[in-house]
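Notes follow the structure.
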Amino acid sequence: MVYRTRSERHQKKRTFDKKFNKKTVLSLVGTGLVIAPTTAALLPQESYAEEYQPSENEASYLINQIGTSAQQIADSNDLYASVMIAQALLESGNGNSSLSLSPTYNLFGVKAYGQEPSTWMSTKEYIDGQWETMDEPFRVYNSYEESLQDHAAVLKASSYSSGAPNYEGTWKSQTSSYTDATAYLTGRYATDPDYGQKLNALIEAYNLTQFDTPAQAGDTTDSTQETEVSAASETTSEKTQTSSSTGSTYTVQQGDTLWDIAQNQGISLDELMANNGLTDQMVTVGQQLNV
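Be aware that the sequence shown starts at 201, since it is given in this note's numbering, and climbs by one per residue.
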């Protein structure tokens, strides 16, 4: 099955101390990304959150709440539970962002598209080199477990256009350790150049590798089969992509969104908008975009 991703979270660029202090964590309140699997839409847009001083107890409390579920979900999806939990801590501000609390349970700042349950919240997006405040719809989940399941689907999703996995570099079967996964996420899932370093620091500080399980022998085969099915389905697609001297162009099809196109082409929404001089996300059928 081909999933359509919608989640890339971008944190505010800042220097990250080599010596990690558990009491200082960047809270991504209202993170907007990054990506939508089966029924949801996670988008890759930059979100800004205020910095605050959460206590170590807050992080431990969230870990106790989601640790077992994250371990089970990550294990069944060939993912690192340690990375999943670290992302939840970082992007929800140790579970203190309004979006991550009941009744929304949105740990990863997943934005909503279509008819899925949602709530509107104010967030900051990094557009054309500057932060802008806007109201956006965010997914509403029934539980943390549902939010974790949705996030796992994002990391296992395949490109809508090519059928290739979007985040294969985060899978246990394709990596040597969790540090390979966090390095792969940097610049792909989030544009923050320190994203992987921040995740590693959280993993080490809270010993999150205790939740990791060995890769399963059948994971690689399963992922290969999924990719083949995805690629086969794309052969009947009417989407058109042609090469040009400066790169590639894409012809907008019925039902396309700018976010979808960016994800399918493996670039960020901001980069796609910059490549085409766009100031908003409106596109029309037949429009040619530089990708």
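Quick reminder that beta carbons are idealized off the backbone N, C-alpha and C, glycines included.
Expressed to the nearest angstrom, what Euclidean distance is found between the alpha-carbon atoms of Glu368 and Ser298?
-> In the sequence shown, residue 368 corresponds to position 168, counting from 1. In the sequence shown, residue 298 corresponds to position 98, counting from 1. Cα-Cα distance, rounded: 31 Å.
Starting from the Cα of Val483, find the closest Cα among Thr451, Ala274, Asn464 and give me that residue.
-> The count along the sequence shown starts at 1 and reaches residue 483 at position 283. Nearest option by C-alpha distance: Thr451.
Per DSSP, cross-strand counterpart(s) of Ala390 = Taking the first residue of the sequence shown as 1, we reach residue 390 at position 190. For Ala390, which the question treats as bridged, DSSP gives the partners Thr386.
Can Tyr406 and Ile263 be called in contact, C-beta distance under 8 Å?
-> One-based indexing of the sequence shown puts residue 406 at position 206. One-based indexing of the sequence shown puts residue 263 at position 63. Result yes, Cβ atoms of Tyr406 and Ile263 sit closer than 8 Å.
Could you please give me the residues that DSSP links to Ile327 through a beta bridge?
-> Indexing the sequence shown from 1 puts residue 327 at position 127. Per DSSP, Gln330.
Do Lys372 and Leu469 have their C-beta atoms closer together than 8 Å?
-> Taking the sequence shown and counting its residues from 1, the one referred to as residue 372 is at position 172. Taking the sequence shown and counting its residues from 1, the one referred to as residue 469 is at position 269. With respect to Leu469, Lys372 sits apart: the two C-beta atoms are not nearer than 8 Å.
Residue from Gln271, Gln265, Gln397, Glu404 with nearest C-alpha to Ala415 = Working through the sequence shown from its first residue, we reach residue 415 at position 215. Shortest Cα-Cα distance from Ala415 to any of Gln271, Gln265, Gln397, Glu404 involves Gln271.
Please state whether DSSP places Ser358 in a helix, a strand or coil.
-> Here residue 358 refers to the residue found at position 158 of the sequence shown. It is a strand residue.
Where Ser260 and Ala401 are concerned, what is the direct C-alpha to C-alpha distance, given to the nearest angstrom?
-> On the sequence shown, position 60 is the one that residue 260 refers to. On the sequence shown, position 201 is the one that residue 401 refers to. Spanning the two alpha carbons is a distance of roughly 15 Å.
Using 8 Å as the Cβ pair cut-off and three pairs as the minimum, do the segment 318-334 and the segment 277-297 touch?
-> no
If you drop the 5 nearest sequence neighbours on each side, which residues of the same chain put their C-beta closer than 6 Å to that of Leu472?
-> Taking the first residue of the sequence shown as position 1, residue 472 is located at position 272. Result list for Leu472: Ala462, in chain order.
Starting from Gln465, trace the alpha helix (DSSP H) both ways and give me its first and last residue.
-> Translated into positions along the sequence shown, residue 465 becomes position 265. Gln465 -> alpha helix (DSSP H) spans 458-465.
On a CA-only basis, which of Gln453, Ala390, Asn342, Thr413 is nearest Ser318? Give me that one, please.
-> Counting from one through the sequence shown, the residue named residue 318 turns up at place 118. Checked all of Gln453, Ala390, Asn342, Thr413; the closest Cα to Ser318 is Asn342.
Going by the CB atoms, is the gap between Val491 and Gln465 shorter than 8 Å?
-> On the sequence shown, position 265 is the one that residue 465 refers to. On the sequence shown, position 291 is the one that residue 491 refers to. Yes; because the gap between Cβ atoms is below 8 Å, this pair is in contact.
Just checking my contact of Asn366 with Ala353 at CB under 8 Å: how many whole Å lie between their CB atoms?
-> Position 166 of the sequence shown, counted from the first residue, corresponds to residue 366. Position 153 of the sequence shown, counted from the first residue, corresponds to residue 353. No, Asn366 and Ala353 are not in contact; Cβ-Cβ is about 11 Å, not under 8 Å.
Check whether the Cβ atoms of Thr409 and Ser276 sit closer than 8 Å, and answer yes or no.
-> On the sequence shown, position 209 is the one that residue 409 refers to. On the sequence shown, position 76 is the one that residue 276 refers to. Going by C-beta atoms, Thr409 is not nearer than 8 Å to Ser276.
Exposed or buried, what is Ala381 when buried is set at 16 or more other beta-carbons lying within 10 Å of its beta-carbon?
-> Indexing the sequence shown from 1 puts residue 381 at position 181. Answer is buried; the Cβ neighbour count reaches 16.
If you follow the alpha helix (DSSP H) that Leu478 is part of, which residue opens it and which one closes it?
-> For the purposes of this step, residue 478 is identified with residue 278 of the sequence shown, where counting begins at 1. Per DSSP, Leu478 belongs to no alpha helix (DSSP H) and is neither H nor E.
Which of helix, strand or coil DSSP assigns to Leu472 | Taking the sequence shown and counting its residues from 1, one reaches residue 472 at position 272. Note: Leu472 maps to helix in three-state DSSP.
Starting from Pro337, follow its DSSP beta bridges and name the residues at the other end.
-> Taking the first residue of the sequence shown as 1, we reach residue 337 at position 137. Residue pairing for Pro337: DSSP places it in a beta bridge opposite Trp320.
Could you tell me if Ser292 is buried or exposed, where buried requires 16 or more neighbouring beta carbons within 10 angstroms of its beta carbon?
-> For the purposes of this step, residue 292 is taken as the residue at position 92 of the sequence shown. Under this definition Ser292 is a buried residue.
From what residue to what residue does the beta strand (DSSP E) around Asn490 run?
-> On the sequence shown, position 290 is the one that residue 490 refers to. Segment 488-490, the beta strand (DSSP E) holding Asn490.
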